[in-house]
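If you're matching them up, the sequences are chains L and C in order. Quick note, the first sequence lines up with residues 9 to 274 if you use the numbering used here. Quick note, the second sequence lines up with residues 9 to 274 if you use the numbering used here. Quick notes on the structure that follows.
Protein chains: 2
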Amino acid sequence: MHILITNDDGYTSKGLQALIEMARQFGDITVVAPQYPQSAMSNAVSIGKLLRMVPVGNPDGFPEKGIERYYCSGTPVDCVKMALNLLFDTRRPDLLLSGVNHGFNGSSAVLYSGTLAATREGALYKIPSLAFSLNDHHANADFSASIYYGKQIIEKFIASPPAPYTYVNVNIPQGSIDEIRGIRLCRFGMGAWIKEIETRMDPYGHPYYWMVGEYENLEPGEPECDHNLLEQHYVTIVPHKIDNTNYPELERLKEVWKDLTRDRET
Amino acid sequence: MHILITNDDGYTSKGLQALIEMARQFGDITVVAPQYPQSAMSNAVSIGKLLRMVPVGNPDGFPEKGIERYYCSGTPVDCVKMALNLLFDTRRPDLLLSGVNHGFNGSSAVLYSGTLAATREGALYKIPSLAFSLNDHHANADFSASIYYGKQIIEKFIASPPAPYTYVNVNIPQGSIDEIRGIRLCRFGMGAWIKEIETRMDPYGHPYYWMVGEYENLEPGEPECDHNLLEQHYVTIVPHKIDNTNYPELERLKEVWKDLTRDRET
Numbered sequence: 009m010h011i012l013i014t015n016d017d018g019y020t021s022k023g024l025q026a027l028i029e030m031a032r033q034f035g036d037i038t039v040v041a042p043q044y045p046q047s048a049m050s051n052a053v054s055i056g057k058l059l060r061m062v063p064v065g066n067p068d069g070f071p072e073k074g075i076e077r078y079y080c081s082g083t084p085v086d087c088v089k090m091a092l093n094l095l096f097d098t099r100r101p102d103l104l105l106s107g108v109n110h111g112f113n114g115s116s117a118v119l120y121s122g123t124l125a126a127t128r129e130g131a132l133y134k135i136p137s138l139a140f141s142l143n144d145h146h147a148n149a150d151f152s153a154s155i156y157y158g159k160q161i162i163e164k165f166i167a168s169p170p171a172p173y174t175y176v177n178v179n180i181p182q183g184s185i186d187e188i189r190g191i192r193l194c195r196f197g198m199g200a201w202i203k204e205i206e207t208r209m210d211p212y213g214h215p216y217y218w219m220v221g222e223y224e225n226l227e228p229g230e231p232e233c234d235h236n237l238l239e240q241h242y243v244t245i246v247p248h249k250i251d252n253t254n255y256p257e258l259e260r261l262k263e264v265w266k267d268l269t270r271d272r273e274t
Numbered sequence: 009m010h011i012l013i014t015n016d017d018g019y020t021s022k023g024l025q026a027l028i029e030m031a032r033q034f035g036d037i038t039v040v041a042p043q044y045p046q047s048a049m050s051n052a053v054s055i056g057k058l059l060r061m062v063p064v065g066n067p068d069g070f071p072e073k074g075i076e077r078y079y080c081s082g083t084p085v086d087c088v089k090m091a092l093n094l095l096f097d098t099r100r101p102d103l104l105l106s107g108v109n110h111g112f113n114g115s116s117a118v119l120y121s122g123t124l125a126a127t128r129e130g131a132l133y134k135i136p137s138l139a140f141s142l143n144d145h146h147a148n149a150d151f152s153a154s155i156y157y158g159k160q161i162i163e164k165f166i167a168s169p170p171a172p173y174t175y176v177n178v179n180i181p182q183g184s185i186d187e188i189r190g191i192r193l194c195r196f197g198m199g200a201w202i203k204e205i206e207t208r209m210d211p212y213g214h215p216y217y218w219m220v221g222e223y224e225n226l227e228p229g230e231p232e233c234d235h236n237l238l239e240q241h242y243v244t245i246v247p248h249k250i251d252n253t254n255y256p257e258l259e260r261l262k263e264v265w266k267d268l269t270r271d272r273e274t
């Protein structure tokens, strides 16, 4: 089994090391991770920008068997595209893993997350793809529970992978193995950020802005949502799909917009 | 009615002018568009980067009634967040329009497109949101058919908007009004890019890479897909939703991964 690993925090992050530790018992590993942190880059790709990809060693300095590492100057999705086109070509990795992200990636964070975007890209190319995020954004976060639960999830994922064009999002709560109550399969929970812009004045009297924000849970108390289960100390697993056509809405609009879709009179 | 307009090609692009022309009969307009082209930025947001937003005049130099314009130094989603937080605050625009993009944004292009991402962001904040893209990437593309059909679509959209958390993707084929066969409501069609990386050598003997690619239609001949209908000279309209949980797959995995989701023994 050949595993492609990427992330959005960059190739030196502790979460990437944790993911490699989680995955190495399952096969050979190729890491292509961003040179610099690429959080909140979503599915951005570097069209019109020069890209670099450079082989790098184990940051611990020890040689490693069955692991190849590269950094790429672009986004997480650039990393996946570079890997698939330059390192795998017509072969495909058997598995794509992304993370472990330093920080929550449930609810609407999936829209912005580079960690999730890498698995969306993998799923588009029919590679079984799994994202891991720990609900702790500190650089030195404790990944031991992530590794403990992650191994079980990867094993199950390999044994019975999800449908094509589906990627799977795993969030791990903060805390020790003992503090976690179990694993739950659940749906995306709706939430959004508010108060997102902080205004400051530069020394020349011109305003500039920082993106900040408070998370607002739009489905508090709903038992089947990822953000709520995570809060209750469960590891959450959500299967997402590439095609997000709103099919019921499509049928409804075909009816209510009927006169719009008549062929043009000639 | 107050309309927020953005795009991903930048505040001076011809497609943005076309969208303003399309929309101005429906209400007052606030434009917040990127300072520089931001194609393929998806839902990327500028966390940790300084942002600017600057009022600008009509590029034609004529004063305009009912139109305010700003450029923002960030991505299309930054533009939406800046507008909602700084210009609209607790009010909301009645309508968000994005585009007209110079280039195709159907099929999997929706994953990467900044034009679509802006409407995804609008839908997350419950603003009726509509993206327009013309299947012609030239800077000087002819937008007259886009304006002609776009006005009809906006009118219908205002009269009977789609469900909450749904954004609507419109693609217009290249060509004159007479060459277009009509409008079709349809689903997302699966496709992906191949041969995406071109390798070159720099003068110092190190490789560098450009992102290129050929589009591969993965559902050729399927009658209900956006990419196929566009090829047949139809304007296509696809409703997309924010929540892309794969619900049938969630139910299946709850069954096949049952032993994984047992609560931890204590």
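For each residue, glycine too, the CB sits at the ideal point set by N, CA and C.
task = Can you give me the Cβ contacts of Gly-183 of chain C inside the same chain, cut-off strictly under 7 Å, excluding the 5 residues immediately before and after it?
result = Within the second sequence, the letter at position 175 stands for residue 183 of chain C. Closer than 7 Å at Cβ, skipping near neighbours: Ala-153 and His-241.
- Query: Are any of the Cβ atoms in chain L nearer than 8 Å to that of Asp-271 of chain C?
  - Reply: Locating residue 271 of chain C in the second sequence gives position 263, counting from the first residue. Yes, Asp-271 of chain C counts as interfacial toward chain L.
Practice prompt. Tell me whether Ile-188 of chain C is buried or exposed, calling it buried when 16 or more other Cβ atoms sit within 10 Å of its Cβ.
Written response: On the second sequence, position 180 is the one that residue 188 of chain C refers to. So Ile-188 of chain C counts as buried.
- Item | Stretch pair the segment 165-185 of chain C + the segment 42-60 of chain C: three plus CB contacts closer than 8 Å | no
Practice task
Tell me whether Arg-128 of chain L is buried or exposed, calling it buried when 16 or more other Cβ atoms sit within 10 Å of its Cβ.
Solution key: Taking the first sequence and counting its residues from 1, one reaches residue 128 of chain L at position 120. Flag for Arg-128 of chain L reads buried.
CA-to-CA distance, Asn-143 of chain C to Ile-300 of chain C, given in whole angstroms: Because chain C spans 9 through 274 in this model, residue 300 of chain C falls outside it and cannot be assessed.
Let me know the secondary structure DSSP gives Tyr-175 of chain C once reduced to three states. As a position in the second sequence, residue 175 of chain C is number 167, starting the count at 1. Strand, per DSSP.
Distance, Cα to Cα, Pro-247 of chain L vs Leu-268 of chain C? On the first sequence, residue 247 of chain L is found 239 positions in, with the first residue counted as 1. On the second sequence, residue 268 of chain C is found 260 positions in, with the first residue counted as 1. Their backbone Cα atoms lie some 15 Å apart in a straight line.
When you compare the CB of Asn-113 of chain C with every CB in chain L, is at least one pair closer than 8 Å? For the purposes of this step, residue 113 of chain C is identified with residue 105 of the second sequence, where counting begins at 1. With 8 Å as the cut-off, Asn-113 of chain C does not count as an interface residue toward chain L.
**OP:** Rank L:Thr-207, L:Tyr-255, L:Ala-149 and L:Gly-229 by C-alpha distance to the C-alpha of Leu-59 of chain C and give the top, closest one.
**Re:** Numbered from its first residue, the second sequence carries residue 59 of chain C at position 51. When only C-alpha atoms are compared, the closest one is L:Thr-207.
Chain C contacts from the segment 183-195 of chain L (Cβ-Cβ distance under 9 Å)
Ile-185, Asp-186, Ile-188, Arg-189, Gly-190, Ile-191, Arg-192, Leu-193, Cys-194 and Arg-195
Exercise for review: Could you pull out every residue in the same chain whose Cβ sits closer than 7 Å to the Cβ of Gly-221 of chain L, ignoring the five residues on either side in sequence?
Suggested key: Within the first sequence, numbered from 1, the residue matching residue 221 of chain L stands at position 213. Cβ within range, chain order: Trp-201, Ile-202, Lys-203 and Glu-204.
Selection from C:Pro-84, C:Lys-164 and C:His-146 that minimises the alpha carbon distance to Ile-245 of chain C:
Residue numbering aside, residue 245 of chain C sits at position 237 when the second sequence is read from its first letter. When each option's Cα is compared against that of Ile-245 of chain C, the closest is C:Lys-164.
*Who are the neighbours of Asn-160 of chain C on chain L, taking C-beta pairs under 7 Å?*
On the second sequence, residue 160 of chain C is found 152 positions in, with the first residue counted as 1. Here residue 160 of chain C is Gln; the residue named in the question, Asn, does not match the sequence. Within 7 Å Cβ-Cβ: Leu-268.
Quiz item: Roughly how many whole angstroms lie between the Cα atoms of Glu-72 of chain L and His-145 of chain L?
Solution: Within the first sequence, the letter at position 64 stands for residue 72 of chain L. Within the first sequence, the letter at position 137 stands for residue 145 of chain L. C-alpha separation (whole angstroms): 28 Å.
Check your understanding: For the alpha helix (DSSP H) that Asn-236 of chain C lies in, which residues bound it at each end?
Key -> As a working note, residue 236 of chain C is residue 228 in the second sequence. Unbroken alpha helix (DSSP H) run through Asn-236 of chain C: 234-239.
Checklist entry - With C-beta atoms as the reference, is Ser-81 of chain C less than 8 Å away from Leu-104 of chain C? => result Here residue 81 of chain C refers to the residue found at position 73 when the second sequence is read from its first residue. Here residue 104 of chain C refers to the residue found at position 96 when the second sequence is read from its first residue. Cβ distance not < 8 Å, so Ser-81 of chain C and Leu-104 of chain C don't count as in contact.
Notebook entry, point to check: How would you list, in chain order, the residues of chain L whose beta-carbon sits under 8 Å from the beta-carbon of Ile-135 of chain C?
Noted result: Taking the first residue of the second sequence as 1, we reach residue 135 of chain C at position 127. Per Cβ cutoff of 8 Å: no residues; Ile-135 of chain C is ~12 Å from chain L at best.
Are Val-88 of chain L and Thr-14 of chain L closer than 8 Å when you measure CB to CB?
The count along the first sequence starts at 1 and reaches residue 88 of chain L at position 80. The count along the first sequence starts at 1 and reaches residue 14 of chain L at position 6. Yes, these two residues count as a Cβ contact at 8 Å.
key: Unbroken alpha helix (DSSP H) run spanning Gly-107 of chain C, endpoints   = The residue you call residue 107 of chain C lines up with position 99 of the second sequence. Where Gly-107 of chain C is concerned, there is no enclosing alpha helix (DSSP H), although the beta strand (DSSP E) it sits in stretches over 103-110.
Checklist line | Start and end residues, beta strand (DSSP E) containing Thr-123 of chain L | finding: The residue given as residue 123 of chain L occupies position 115 in the first sequence. It is not in any beta strand (DSSP E) - Thr-123 of chain L instead sits in the alpha helix (DSSP H) that spans 122-132.
Problem - Reduced DSSP secondary structure (H/G/I, E/B, other) of Lys-249 of chain L - result: As a working mapping, residue 249 of chain L is identified with position 241 in the first sequence. It is a strand residue.
*asked:* Taking the straight line between their C-alpha atoms, what separation do you get for Leu-24 of chain C and Ala-31 of chain C?
replied: Within the second sequence, numbered from 1, the residue matching residue 24 of chain C stands at position 16. Within the second sequence, numbered from 1, the residue matching residue 31 of chain C stands at position 23. Approximately 11 Å between the Cα atoms of the pair.
Rounded Cβ spacing between Asp-17 of chain L and Asn-109 of chain L (contact assumed at less than 8 Å): The residue you call residue 17 of chain L lines up with position 9 of the first sequence. The residue you call residue 109 of chain L lines up with position 101 of the first sequence. With 8 Å as the limit, Asp-17 of chain L and Asn-109 of chain L qualify as a contact, their Cβ atoms being about 7 Å apart.
- Classification of Ala-167 of chain C by the beta-carbon crowding that lies within 10 angstroms, buried from 16 upward: Taking the second sequence and counting its residues from 1, one reaches residue 167 of chain C at position 159. Per the 10 Å Cβ criterion, exposed.
Taking only the alpha-carbon atoms, compute the straight-line gap between Gly-130 of chain C and Val-264 of chain L and give it to the nearest angstrom.
In the second sequence, counting from the first residue as 1, residue 130 of chain C sits at position 122. In the first sequence, counting from the first residue as 1, residue 264 of chain L sits at position 256. A direct Cα-Cα distance of roughly 22 Å separates Gly-130 of chain C from Val-264 of chain L.
| request: Would you mind sorting Tyr-212 of chain C into buried or exposed? The rule is 16 or more other CB atoms within 10 Å of its CB. | output: Position 204 of the second sequence, counting from 1, holds the residue named residue 212 of chain C. Tyr-212 of chain C comes out exposed.
- Task: Could you spell out the range, first to last residue, of the alpha helix (DSSP H) harbouring Gly-199 of chain C?
- Result: The sequence position of residue 199 of chain C within the second sequence is 191, counting from 1. Per DSSP, Gly-199 of chain C belongs to no alpha helix (DSSP H); it is in the beta strand (DSSP E), 199-202.
Subject >> Extent of the continuous beta strand (DSSP E) run through Val-40 of chain C >> reply: To locate residue 40 of chain C, count along the second sequence from 1; it is residue 32. Note, Val-40 of chain C: beta strand (DSSP E), 36-42.
- request: Enumerate in chain order the residues of its own chain whose CB-to-CB distance from Leu-132 of chain C is below 8 Å, with the five nearest sequence positions on each side excluded.
  value: The residue labelled residue 132 of chain C in the question sits at position 124 within the second sequence. Closer than 8 Å at Cβ, skipping near neighbours: Tyr-173 and Ile-250.
Exercise for review: Out of L:Pro-101, L:Pro-256, L:Ile-191 and L:Met-49, state which residue places its alpha-carbon closest to the alpha-carbon of Glu-239 of chain L.
Suggested key: Working through the first sequence from its first residue, we reach residue 239 of chain L at position 231. Measuring from the Cα of Glu-239 of chain L, the nearest candidate turns out to be L:Ile-191.
For a contact defined as C-beta to C-beta under 7 Å, what are the partners of Val-108 of chain C on chain L? Counted from its first residue, the second sequence places residue 108 of chain C at position 100. Correct list: empty, because the minimum Cβ distance to chain L is about 18 Å.
* Would you mind working out which of L:Lys-22, L:Gln-33 and L:Leu-193 sits nearest Arg-260 of chain C, comparing C-alpha positions? => Position 252 of the second sequence holds residue 260 of chain C. Arg-260 of chain C has its Cα closest to that of L:Leu-193, out of L:Lys-22, L:Gln-33 and L:Leu-193.
At the 8 Å Cβ level, is Asn-51 of chain C part of the contact set with chain L, yes or no?
Counted from its first residue, the second sequence places residue 51 of chain C at position 43. Cβ-Cβ to chain L under 8 Å: yes for Asn-51 of chain C.
**Message:** Suppose you measure from the CA of His-214 of chain C to the CA of Val-62 of chain L; what does that come to, to the nearest Å?
**Reply:** For the purposes of this step, residue 214 of chain C is taken as the residue at position 206 of the second sequence. For the purposes of this step, residue 62 of chain L is taken as the residue at position 54 of the first sequence. Going by the C-alpha atoms only, they are around 10 Å apart.
Residues that Ala-200 of chain L contacts on chain C, provided the C-beta gap is smaller than 7 Å: For the purposes of this step, residue 200 of chain L is identified with residue 192 of the first sequence, where counting begins at 1. Neighbours of Ala-200 of chain L on chain C, chain order: Leu-132 and Tyr-133.
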